[in-house]
Amino acid sequence: MNLPVTQTGRSRRWLLSRGAAVAAAAVGADTVFAMDASALALPVVDMEMVLLAAQVDPPKSGTGLTAGAAPHALEVERALQAKGLLASGVVDGHYGTSTVAAYAAWQRSLGYSGLDANGFPGPTSLTSLGANRFTVTRAVSSGSRSSTYGGARVNTRTRDMLTAADAMLSWSLVLSQGSYTSTNPSSAGTHDGGGVVDISVTNLTTTQRWQTVLALRTVGFAAWLRNPSQGSWPYHIHAVAISDPDLATAAANQVHDHYFGRNGLANHAADDTPTAYRTAFTWWEKYRRG
Numbered sequence: 000m001n002l003p004v005t006q007t008g009r010s011r012r013w014l015l016s017r018g019a020a021v022a023a024a025a026v027g028a029d030t031v032f033a034m035d036a037s038a039l040a041l042p043v044v045d046m047e048m049v050l051l052a053a054q055v056d057p058p059k060s061g062t063g064l065t066a067g068a069a070p071h072a073l074e075v076e077r078a079l080q081a082k083g084l085l086a087s088g089v090v091d092g093h094y095g096t097s098t099v100a101a102y103a104a105w106q107r108s109l110g111y112s113g114l115d116a117n118g119f120p121g122p123t124s125l126t127s128l129g130a131n132r133f134t135v136t137r138a139v140s141s142g143s144r145s146s147t148y149g150g151a152r153v154n155t156r157t158r159d160m161l162t163a164a165d166a167m168l169s170w171s172l173v174l175s176q177g178s179y180t181s182t183n184p185s186s187a188g189t190h191d192g193g194g195v196v197d198i199s200v201t202n203l204t205t206t207q208r209w210q211t212v213l214a215l216r217t218v219g220f221a222a223w224l225r226n227p228s229q230g231s232w233p234y235h236i237h238a239v240a241i242s243d244p245d246l247a248t249a250a251a252n253q254v255h256d257h258y259f260g261r262n263g264l265a266n267h268a269a270d271d272t273p274t275a276y277r278t279a280f281t282w283w284e285k286y287r288r289g
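First residue of the sequence shown: 0, per numbering that gives the first Met the number 0; consecutive thereafter.
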């Protein structure tokens, strides 16, 4: 798309694009100049990619970049640096712990606290950060924190994901623990935020248990079948909604483990899910796009 600019006589109009002045030369009366609209366009930041980097990058031992996410994380880091919240030395596209802390500081500056200042972008804070710097696409929202599934508290996004997974099975998902709760010390804080549930598998066969894991992973959960040998708990499935903005840090670290084929436990051992019940790494919004 081109934007017409009319100049008469010797007059000149200076056009500003991202802080750089572009002079349009006058070459005669009523001459029409065309300027490509892309010169005025701000960078586009994909919120899905930023959330992915924010949850995959921090536990890395170095500053490795997450495929497809780095350019979007970099724009966020540049904006945080411009706000005086992030040192230039860590503006590198790696959404590490320094970036998480800087983004949390940005959220607090907007008046947020608790989960709303967890360092993982929400659509409002990210749009505000991007004002005059970048535009936000593929916004991700957790929705209401007062939704329920089978009587357990979850957010709207998690409820919709569980509904989709449940529809793939001939039995029903039964939650033994929902989100936004710290009542179970063996959960190590993973349920303190949103996007995390435990699913009872007591009445399921071994095959049905693994099929449930597969359904959950298909719609965008990092999900594992837990067994008594791993901790002081009965058989159950632990599921974390990938890229949920409400995740607690402990749960986000489990997304990192799932991304790298690990078990999400303190030992970070290899995922023991049989190959037949694994899927490519995905998240809810990506799944819905097909």
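Note that beta-carbon positions come from the ideal geometry of N, C-alpha and C, so glycine has one too.
- For W209, which residues of its own chain have a beta-carbon under 8 Å away from its beta-carbon, when the five flanking residues on both sides are left out? L224, T272, P273, A275, Y276
- Item | Nearest-angstrom Cα separation, counted from S127 out to L50 | 16 Å
- Task: Round the Cβ separation of T205 and L168 to the nearest angstrom and send it over; I've been treating them as touching at under 8 Å.
- Result: Rounded, the Cβ-Cβ distance is 15 Å, inconsistent with contact.
- Got a sec? Which residues, its chain only, sit under 7 Å from R137 by beta carbon, not counting five neighbours each side? Taking C-beta separations shorter than 7 Å and ignoring five residues to either side along the sequence, the partners of R137 in its chain run D45, M46, E47, E284, following chain order.
- So which of W170, P122, D191, V195 has the shortest CA-CA distance to R158? V195
- Task: Quick one: give me the first and last residue of the alpha helix (DSSP H) that Q80 is part of.
- Result: 69 to 81
- Message: Looking only at its chain, what residues have a beta carbon closer than 7 Å to the beta carbon of T65, apart from the 5 residues adjacent to it on each side?
- Response: L51, A52, V55, D56
- Below 8 Å between beta carbons: does that hold for H257 and A214? Not closer than 8 Å, so no.
- DSSP-derived helix/strand/coil call for L90: Looking at the sequence provided, one finds Val at residue 90 rather than Leu. Here V90 sits in coil by DSSP.
- Message: Could you tell me the alpha carbon to alpha carbon distance between Y102 and Q176, rounded to whole angstroms?
- Response: 30 Å
- Task: Less than 8 Å between the CB atoms is what I'm expecting for Q207 and W170, so what's the real figure, rounded?
- Result: 6 Å
- Query: Which residues does DSSP pair with H237 in a beta bridge?
  - Reply: D197, W223
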